[in-house]
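Participant:
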Amino acid sequence: MNSQSSFLTGGGEMGALMRAHDWQATPLGLPDTWPMALKTMVRVVLSSNHPMFIWWGSDLIQLYNDSYRQTLGPERHPSALGQPGRVCWAEAWDLIGPEIEHIMAGGPGAWHDDRLIPLTRHGRREDIWWTYGYSPIEDERGVRGVLAIVNDVTHSHLLRQRLEQTHHALFDTMDEGFGMIEMIDDAHGKAVDYLFVEANPAFARHTGLVDSVGKTVRALVPDIEQSWVDIYDDIARSGVARRFEEGSEAMGRWFTVYVSRIAHPTRRRVALLFTDISNQKNAERALQASEAAARAALAQAEADRRRLDALLSSAPVGIVYADAQGAMSSANPMMHVLWGEHPMTTSTEGYADWRGWWADGSQRHGQPVQAHDWSLVRALRGEQVDADFVEIEPFGRPHERHTLLTRSIPIRDDAGNITGAVAASMDLTAQVQIQRALRESEGKFRIMTEAMPQMVWSCLPDGTNDYSNRRWSEFTGISIQALAGTSWIRTIHPDDLPALQAQWTASLASGALFEIEHRLRHHSGEYRWVLNRALPVRDEAGAIIRWMGTVTDMHDQRLAAEELKAANVRKDEFLAMLAHELRNPLAPISTAAQMLKLPGVDPKRTALAADVIGRQVRHMVELVDDLLDVSRVTRGLVELEHLPVDLKTVIGSAIEQARPLIEKKGHTLATRLGAANVTVTGDRKRLVQVLTNLLGNAAKYTPDGGEITVFAEADAEAACVTLSVRDNGVGIDPALLPDIFELFTQARRTPDRAQGGLGLGLALVRSMVTLHGGKVEAHSAGPGQGSCFAVTLPLSASALDPATATPDDPALAAHTALRIMIVDDNRDAAESLGMVLSAVGHTVQVEESSHGALLQAASRAFDVCLLDIGLPDMDGYQLVRRLRAAPRMADAVMVALSGYGQPQDVAASQAAGFSRHLVKPVDIPYLLALLDTLAPGPG
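My numbering numbers the first residue of the sequence shown as 119 and each following residue consecutively.
1. Skipping 5 residues on each side, what residues in its chain have a beta carbon closer than 7 angstroms to that of T670?
2. Measuring alpha carbon to alpha carbon, tell me which of R194, L199, L391, A198 ends up nearest M292.
3. Just to confirm, is the Cβ distance from G251 to K562 under 9 angstroms?
4. So, with DSSP's three-state summary, where would you put S123?
5. Rank R242, N167, V264 by C-alpha distance to the C-alpha of I179 and give the top, closest one.
6. Give me the Cα-Cα distance between T393 and M298, rounded to the nearest whole angstrom.
7. Quick check: V998 and A1014, are their CB atoms within less than 9 angstroms of each other?
8. I believe N587 touches M570 by the beta-carbon criterion, under 8 angstroms. Please report the beta-carbon distance rounded to the nearest angstrom.
9. Do the region 341-356 and the region 395-410 make contact, defined as three or more Cβ pairs closer than 8 angstroms?
10. If you compare alpha carbons, which of A134, L812, E316 is closest to L882?
11. Taking the continuous beta strand (DSSP E) assigned at R385, which residues delimit it?
12. Candidates V796, W173, F373: which alpha carbon is nearest D833's?
13. Pop quiz: M939 and E965 are said to be a contact at Cβ under 8 angstroms. What is the actual Cβ separation, rounded to whole angstroms?
14. Which same chain residues, not among the five before or five after Q553, have their C-beta less than 7 angstroms away from its C-beta?
15. If we require 3 or more residues per run, which beta strand (DSSP E) segments fall completely within the region 297-352?
16. Using DSSP with H/G/I as helix, E/B as strand and the rest coil, what is P202?
17. From A433 to T524, what does the alpha carbon distance come to, in whole angstroms?
18. Near A497, which residues of its chain fall below 8 angstroms by C-beta distance, leaving aside the five closest residues on each side in sequence?
19. Taking the alpha carbon of S165 as the reference point, which residue from P912, S956, G133, T334 has its own alpha carbon closest?
20. Where does F1080 fall in DSSP's three states?
21. Cα separation between R233 and R278?
22. Can you give me the Cβ contacts of T827 inside the same chain, cut-off strictly under 6 angstroms, excluding the 5 residues immediately before and after it?
23. Taking the C-alpha atoms as reference points, what is the distance between D919 and A1047?
24. Using the rule of at least 16 other Cβ atoms within 10 Å of the residue's Cβ for burial, across every protein chain shown, is T820 buried or exposed?
25. Going by C-alpha distance, which of A359, T249, Q903, V160 is nearest E1062?
26. So, helix, strand or coil for E402, using DSSP?
27. Identify the continuous beta strand (DSSP E) that holds W152 and give its terminal residues.
28. Helix, strand or coil for G227 per DSSP?
29. Are at least three pairs of beta-carbons, each pair with one atom in the region 402-411 and one in the region 378-391, less than 8 angstroms apart?
30. How about G458 and P383: do their beta carbons lie closer than 9 angstroms?
31. Are at least three pairs of beta-carbons, each pair with one atom in the region 244-260 and one in the region 146-161, less than 8 angstroms apart?
32. Only counting the same chain, and skipping five residues up and downstream in sequence, which positions put a Cβ closer than 8 angstroms to that of L148?
33. In three-state DSSP terms, what is V492?
34. Please return the same chain residues whose Cβ sits closer than 7 angstroms to the Cβ of H275, not counting the five positions on each side in sequence.
35. For V768, which residues from the same chain have a beta carbon less than 7 angstroms from its beta carbon, with the 5 sequence-adjacent residues on both sides left out?
36. Given this structure, state the Cα-to-Cα distance separating G603 from I596, to the nearest angstrom.
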C-alpha cells in the first residue's frame, strides 16, 4: 500500500475489507484518487471504537468501521461496504432518506435520541431504537457526504418502559410521603395557597393530612405558614429543586422535604417528598446519647458483626472480606450487583478468573489486571491501596462493563499480623459517562452554533470574548482569532459604540439581559443594522460562569419599518387633502340649496342653482369612484379581461375622452403612432382608463396653450410596446419622482387647489399596468421642464409573429408537433390545457404527480415539460432537477407554471433549471407561439 493509501491502515476487520475491496468498480474509484475530506473521515472512522459510517457522493456509497458492523446483521454485512445507501437501506429509506438528501443538498446536520427505525436483522423484522446523528462532510466544493454516528439503544428503551410500568406500584409502596401540588394566586399574581393534585398513602402518615387530594392547604390547615407557599412558588417559578428541613407550628411537625418543579403547559406545579422527622428532632439529644452508648457497645464483637452486616447490606459500594490465604469469607449485595454471580474465590490464585483492565490513564491503561495485581491480593501482602481505577466485566454478563474505584486495606490482629483484608468498590460508570456526555455535548454545541444562520458568541464573566462561530467571520470578513478578547469592538459603528459599551458594562455588573440594536461593519464595508442579544449562564449557586449571545442581521427589517413610517406620514397628508377635496363641493351645493329656498326665485336662477348642484355632485362622484378603484386594486378585487386589444383603438378612445379638457385649456395635441398598429392582451376598458388618466394629468398640469404629444414605439426583440405621453407643463420635483406612483404621495399644492382631484390617478395607473404585466415610468428634468410618462406593455403572442396566425383563428392554427408532458395536481387544469395542445397537433402526456412524471421520463423522451411549481409530493424545483438528470430528458425544454410572477419567483425558477416561467392562467396564444419557437426547423 503506497503512502497515499495509508489512511486505510489498521481498522480491524473493516480496514482489511476496505483495503481488499474493488473500489474501481464503484463511483469512488481507486482510493488514491479519493478527495482529502473523504480520506480524512475514513481514517477517523477506522480509528474510532464508536459505531460510525460514511455516505459519500450523490450515490451515497457506504464505508463503516468494526463497531458499526456489529449492528448490521448478516443481511447487510459485508455487502453494505461500497454499496449505495439507497439500495442498502431501501426498507427504511422513507424514514432516513429525506434527512440524508436534505443534508446532501446543503441542509444542517441532525441528531435523534431514541428513535424507532424497524429493520430486518438476523432473518426477522425487529423494532430497533437508535440514538444517532448526521453531520455534513464538506470541502471546498461544498457538501460531499454525510458522517453518521450511531448507537443501538433498544435495550435501554425497553428497560425504561419496564421502569415506567413499575412507577405506580412504587408510588403506592414507597415509604416517603409523595405529593403533587398546584399553586394558587390572588388577583395580583401572588401565590397565596396551593391545591393538592396527587398524594400517596405515606403522605397522609407523614403529614397527618387525610384525603388531601382536591383540597387546598388552607382548607386543611387554616393557619399554615405563608413561608411554605413562598418556598413552593419560588421553586415552581425558578425550576431549581431544593431539599430542606422545615417545621410547622400549625401542623405541630418537623419535616425533611425535597421539592422539584413539574412541567405543565399552563399551571405551576411542584412534586413533594415528605418525611416526618418530628420524633428525630424531639429526640436529638437522646439520639446523641444513644450513639455514644452504641459506640461503647461496638467493643462487643458479636454486636459489631451484626451492625457491620447491616451496614454492608445497605451500603452503595461493593464490599468483600478475604482471609489471610485470599479465601473470600463474605460479600455484600452490592458486590453481586457490580460483579454478577461471582465465585467465592478460595485462594489468591483464583483471582485470575476475575476479568478487569486498568482504567487509570497511566501507561498500563487498557492492559488486563493480573491475579497478583488485584487490590485485595496486594492488601494481603500488607499494602494499603487507596485508589485503583479498573474497568471490569461482570460474571455472566460478557457485554457489560463497569468502571470501579477500589480501595483495600489489610486487617491485623493485636500483634500486627495480617489476618485478612477488606476491599470496597464504588461504581463510577455514571460519572465516566457524564464526563463523556459533557465532551459530546460541547461538540454538539459547536456543531449547532455553526449550523445557525445567526452570529453566535460567548464571553467569560468579565466580558472577554472566548468564542465566535463562523458566521462572524463570514459577515465581518475578519478571522475568528482576530475577533477574540475585545477586538470585536472595531467592527461596531463609532456612533453606536458608546451606548453599546455602556449597556454591556451595566449587564456585566447586574447580570441583566443585554439587548441593543446597532450597526455592524459588513465585509463589503457597509454598516448594517443588527440586533445584539445576550443572556448570562449561571451555575447551581447562581454565579455567572459565561455569557451566550447572538447577533441577528435586521438591516432590511429596519429599513422596511422606516419606509412604513414614511408611508404613514403620506397617508395622513392624503387624508387631510381628501377632507379638503370633499368639503370644497359642499359649499356651492349648500349655497345653491339655500337659494332654491328663497321665495320668488326666477327660473334662470333656479336653472343656475341646479347646474351648480349637478356639477358639484358629479365631481364628488368622480372622487368617490377614484377611491373605490383604489380600494378594489389594493384588495386584489379587480378582475381583468385577457383578450387581444388593438392598441390604436385604445389610444383613440383615450384621446376622445380627454379631448374636452385639452381643448378647454387650448393645448396642442400631437400623435406619433407609427408603431401603434399592434395587439396586446388585456382589458380594453382599463387600458383606456390608464391612457386617459395620463392625458388628463398632462392637460391639468400644463399651462394653457401647452403642447402634449402621444408616442408609440414597438420593440419586436423585447416583445413589448411603449406608449409615452409628454408635455411641456409644470414638471416634477426630482425629490418626488421616486414616490410619484405611491398611493399617498402628492406634490406641494397651491392654496387655491386650482387643479383639484385626489391625486390617486397615478397609483391606479401603476396598478393597472402591473396587472397587465407591464411597467410605467415617469421622467422630468425638474419644475417647469415638463414631464413624460411611459407605459410599457408586453405584446400578445399573435403580435410576436403575425405570419404564423390565420385571420379566422390565430390561436388554433397549424403548429409543428412536439412531445409535451404536463405535470399538475389540478387534474382539470392539466387536462384542459392538454386538450388544447393536442388539438393543434402536439403529442401530450398528462401526469398529476412528480412520481408519475419521473416514471414517464425513465421510459420516454419529451421535447417540452410544463411543470406546476406547487406539486404536493415534490415541488417543481426539485422535480426539474430530477428530470434534467434523466438521460432521456437531456434536451427537453423545462417550462414553469406558477400562480406567482414576481421577479423573485422568476429568478427562483431559473435557478432551479427552468428555461421559461409562465404565470397562471396561461395565455394560450402566447404559449402556442412559444412552442413554435421551440420546434425544430425544416430539415
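Ideal Cβ positions, reconstructed from N, Cα and C, are used throughout, including at glycine. Predicted model only: the values in this text are computed from it and were never measured.
Facilitator: Let me spell this out:
1. Hits under 7 angstroms: Q572, V648, L649.
2. Here the closest residue by C-alpha is L391.
3. With respect to K562, G251 sits close: the two C-beta atoms are nearer than 9 angstroms.
4. Note: S123 maps to helix in three-state DSSP.
5. Here the closest residue by C-alpha is V264.
6. Rounded to the nearest angstrom, the two C-alpha atoms are 15 angstroms apart.
7. Between V998 and A1014, the C-beta gap is smaller than 9 angstroms, which places the two residues in contact.
8. Yes, they are in contact, since the Cβ atoms of N587 and M570 sit about 7 angstroms apart, within 8 angstroms.
9. Cβ pair count under 8 angstroms is below three, so no.
10. Among A134, L812, E316, the Cα nearest to that of L882 belongs to L812.
11. Note, R385: premise wrong, no beta strand (DSSP E); not H, not E.
12. Closest in alpha carbon position to D833, among V796, W173, F373, is V796.
13. At roughly 7 angstroms, the Cβ-Cβ gap stays under 8 angstroms, so M939 and E965 are in contact.
14. Closer than 7 angstroms at Cβ, skipping near neighbours: no residue.
15. If we require 3 residues or more, the beta strand (DSSP E) runs fully inside the region 297-352 come out as 309-317.
16. P202 falls in the strand class under three-state DSSP.
17. Rounded to the nearest angstrom, the two C-alpha atoms are 14 angstroms apart.
18. Here A497 has V503, S526, I527, P528, A539, V540, A541 as same chain residues with Cβ atoms under 8 angstroms from its own Cβ, once five neighbours each way along the sequence are excluded.
19. The shortest C-alpha separation from S165 is found at G133.
20. This structure does not reach residue 1080, given that the chain is present from 119 up to 1057, and the question cannot be answered.
21. If I take the Cα positions, the gap works out to 14 angstroms.
22. If we look at T827 and ignore the five residues flanking it on each side, its Cβ neighbours are A788, R844.
23. With a pLDDT of 46 at D919, under the threshold of 50, the modelled position of this residue cannot be trusted, and the question is left open.
24. Classification for T820: buried.
25. An answer regarding residue 1062 cannot be provided, because it is not within the stretch 119 to 1057 covered by the chain.
26. Residue state, collapsed to three classes: helix.
27. Where W152 is concerned, there is no enclosing beta strand (DSSP E), given that its DSSP letter is neither H nor E.
28. In the structure shown, G227 falls within a coil segment according to DSSP collapsed to helix, strand and coil.
29. Fewer than three beta-carbon pairs drawn from the region 402-411 and the region 378-391 are found closer than 8 angstroms, and the two stretches are therefore not classed as touching.
30. No; because the gap between Cβ atoms is not below 9 angstroms, this pair is not in contact.
31. Contact between the region 244-260 and the region 146-161 is present: three or more C-beta pairs spanning the two stretches fall below 8 angstroms.
32. Correct list, in chain order: W141, Q142.
33. The identity of residue 492 in the sequence shown is Trp, whereas the question assumes Val. Here W492 carries a coil assignment [DSSP, helix/strand/coil].
34. Here the set comprises D232, W247.
35. For V768, where only same-chain residues beyond five positions count, the Cβ hits under 7 angstroms are R802, L805, V806, L809.
36. Using only the alpha carbons, I get a separation of about 14 angstroms.
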